[in-house]
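Asker: With my numbering applied, the sequence shown covers 1 to 549.
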Amino acid sequence: MREKRIITLAVCAASVIGSVTGCGNSDKKGGGGGHMYSAALAGNPRSLDPQFATDPSSATVIKNLYSGLMMKDESDNIICCNAADYKVSSDGCVYTFNLKDDNYWFFDKNDDDKIDEDEYYPVTAYDYVFAFRRLLDPNMHSPFARDFRCLKNSGRVADGSYATHSLGVEAKDNHTLEFTLEAPCAEFLSLLTTPAAFPCNEEFFIGTKGRYGLDDRSVMSNGAFYVRQWFYDPYGSNNILYMRKNEVNENDSYSILPSYVSFSIQDDEAGVRQAFKDDEAECFPTMKTGGYNPKKYKITGEQATTLGLVFNPDDKLYSNQDLRRAVALSLDREALGLDDNSDLRAAYGIIPPAVDIVGRSYRDLASDRQFDIFDPQAAVGLLEKSKEELKIKSVDSVKIIVDASTVDSRYLHILSQSWQDSLGIYIGIEDLTSAEFRERIDSGNYSIALYPLRGDFNSGIAFFDRFVTESCLAGASGGADCSADIIKCPTVNELVNSYTAAEKLILEKNGFIPVFYKSSYLIAKDDNDDIIYDPFTGSIDYRIARNYS
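#1: For Glu388, count the other beta carbons within 10 Å of its own beta carbon; 16 or more makes it buried, fewer makes it exposed. Which is it?
#2: Going by DSSP in three states, Asn312 sits in which element: helix, strand or coil?
#3: Taking three-plus beta-carbon pairs below 8 Å as touching, is the segment 228-238 in contact with the segment 530-540?
#4: Helix, strand or coil for Glu182, going by three-state DSSP, please let me know.
#5: Is Phe132 helix, strand or coil by DSSP?
#6: Assuming Phe263 is part of the beta strand (DSSP E), what are its boundary residues?
#7: Assign Val355 to one of three DSSP states: helix, strand, or coil.
#8: Is DSSP giving Glu117 helix, strand or coil here?
#9: Roughly how many angstroms separate the alpha carbons of Phe512 and Asp113, rounded to a whole number?
#10: At the level of alpha carbons, what is the spacing between Thr21 and Lys298?
#11: Measuring straight from C-alpha to C-alpha, what distance separates Leu151 and His165?
#12: Might you give, ordered along the chain, the residues of its own chain that have their beta carbon closer than 7 Å to the beta carbon of Asp403, omitting 5 neighbours on each side?
#13: Would you call Met36 buried or exposed, if buried means 16 or more other Cβ atoms sit within 10 Å of its Cβ?
#14: Secondary structure at Cys489, three-state DSSP: helix, strand or coil?
#15: Cβ of Lys109 less than 8 Å from any chain C Cβ?
#16: Mind checking whether Val310 and Ala502 have CB atoms under 8 Å apart?
#17: If you measure between the beta carbons of Phe204 and Phe107, is that distance less than 8 Å?
#18: Looking at C-beta atoms only, is the number of pairs between the segment 481-498 and the segment 277-290 that lie closer than 8 Å three or more?
#19: Count the other CB atoms within 10 Å of the CB of Asp439; is the residue buried (16 or more) or exposed (fewer)?
#20: Taking 8 Å as the limit between beta carbons, can you name the residues of its chain near Ser142, skipping five residues before and five after?
#21: So is Glu269 buried or exposed if we call it buried at 16+ other beta carbons inside 10 Å?
#22: Label Ser38 either buried or exposed according to how many other C-beta atoms from any shown protein chain fall within 10 Å of its C-beta, with 16 as the threshold for buried.
#23: Thinking Phe584 and Thr194 are a contact (beta carbons under 8 Å), I'd like their distance in whole angstroms, please.
#24: What are the boundary residues of the beta strand (DSSP E) that Leu432 is part of?
#25: Would you kindly check if the distance between the Cβ of Asn249 and the Cβ of Ala224 is under 8 Å?
#26: For the beta strand (DSSP E) that contains Leu99, what are its first and last residues?
#27: Hey, out of Ile486, Ala545, Ser418 and Pro514, whose CA is closest to Asp147's CA?
#28: Kindly indicate which three-state DSSP category Asn528 falls into: helix, strand or coil?
#29: Just the C-alpha distance for Ser154 and Ala163, rounded to the nearest angstrom, thanks.
#30: Round the Cβ separation of Cys80 and Ala131 to the nearest angstrom and send it over; I've been treating them as touching at under 8 Å.
#31: Where Asp322 and Ala125 are concerned, what is the direct C-alpha to C-alpha distance, given to the nearest angstrom?
#32: Return the Cβ separation of Asn82 and Gly68 in integer angstroms, given the expectation that the two are a contact with Cβ distance under 8 Å.
#33: Using only the alpha-carbon positions, how far apart do Leu336 and Lys87 sit?
#34: So, for Leu550: in the same chain, excluding its five sequence neighbours on each side, which residues have a beta-carbon less than 6 Å away from its beta-carbon?
#35: When the distance is taken between beta carbons, is Ile350 closer than 8 Å to Leu41?
#36: What does the alpha-carbon distance come out to for the pair Gly538 and Asp118?
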């Protein structure tokens, strides 16, 4: 028999998670709740299936549609969300979660925009079990399956040797969920905060007949909002995705402040910027802030991207490791003249400052200056050695292809001049649009690229995985799967040391040369507070957003 509860309609002012756009201004009156948020997506969401979707538009809607066992608070501490509590076995391999009894699935069966009693029912431990079995099912090809290799039998399930019910996830009853790991994993709780760990109801999933997450009648909510309408015509206009507050899930520890979130679906970021300019969006994410006055707008950012040089492994010159190392050793990052007001920071390591471990930036725990190898004299020697190996008298000029939407290439021209001065090599710069850059990378039509390395969640694992899953980076690690060992680290100290060892291993191959850490930004209208931006997934969370207009 379905459990019942009293739906709390009042808006609770308490906030349980942080915001990158500030925490309220004292001169603003009222609680800021009840607002209908106008927003814009840079493209139609490809899927609202949290076990599968990877694009930023999907990530934003999914973040507002679902919730999971754990989440991060304003200090990036991992706290319970739909879990009431949990315990860990003495050997660190078994996690037992007790679920709260006030998290509900809601699907508007009769499409009347009301939450009727027969339209919501409790999220159970079995919903999480089904989600994880889907995640590791080899037939699903989830891009997040690698992240959960810590689960018992995950490897054999993922390669099809074992059935999915052999996975180390078990529902003891409706409210008790047990995970068994292959080995202790310090990253496990962090992994449970990601969308891939959100629940999935088996009965509803089967009922969608293969369309789960692909239209507004094939999704249901256990989070802050539900999808009321999703209309997209690639040849038309007025494309929208409209969400309403899911009042059934509001409680004393889970506030939902806006009443609605109405997304217009734009073709690209330029369309989103125009929507913001036309007052049809309260905020938007971007890699560049030019033209936006910080006195007029709330502009906040985190350095969550590492821009590094990658080399085409089939290039007749730069497939030579000594030549690549000569370029690396002659890279004088200090000459870039980056100041505190720049959105760039000189990068010596692979993992950017936004990645944290237990609330502290990994870069504070392990300085990347240990990887500084600037040595122009040694670089000259390696250049001569590479020319002998390649049987050439001089190195032909090439250009670094750059996605102009990510970085101002004037800094690269400084490096270009330094390479010419120290090595006599001309390495120019070719600015491209995002689409052009992607096409050149995919087709292999480049010698050197300034590649934006990003993770899909706040963890070093997500960055190291890119050196396995992205073809242009695969050769940079020499074929090593660094994250396989990291996932087995039982303590934070071992995790930090393992991250550092993995960085060193990849950097010694000189297939990826870090140049900049780059900020991703959220630009918001000044009358908004507590809009939460995730620079890793690109998602924007409106659950506790406040508007004072």
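All C-beta atoms, glycine included, are put in the ideal place defined by N, C-alpha and C.
Answerer: On the basis of the data shown:
#1: exposed
#2: coil
#3: no
#4: coil
#5: helix
#6: Tyr260 to Gln266
#7: coil
#8: helix
#9: 52 Å
#10: Any reading at Thr21 is ruled out, since the residue's pLDDT is 40, under 50, leaving its predicted position unreliable.
#11: 12 Å
#12: Leu432, Ser434, Phe437 and Pro452
#13: exposed
#14: coil
#15: Looking at the structure shown, chain C is missing, and only one protein chain is on hand.
#16: no
#17: yes
#18: no
#19: Looking at the sequence shown, residue 439 is not Asp but Glu. Label assigned to Glu439: exposed.
#20: Gln51, Phe52, Arg134, Leu135, Leu136 and Ala196
#21: buried
#22: buried
#23: The requested residue 584 does not occur in the structure, where the chain is confined to residues 1 to 549.
#24: Ile427 to Leu432
#25: yes
#26: Val94 to Leu99
#27: Ile486
#28: strand
#29: 10 Å
#30: Rounded, the Cβ-Cβ distance is 18 Å, inconsistent with contact.
#31: 54 Å
#32: 6 Å
#33: 49 Å
#34: In this structure the chain extends from 1 to 549, so residue 550 is not present and cannot be described.
#35: no
#36: 35 Å
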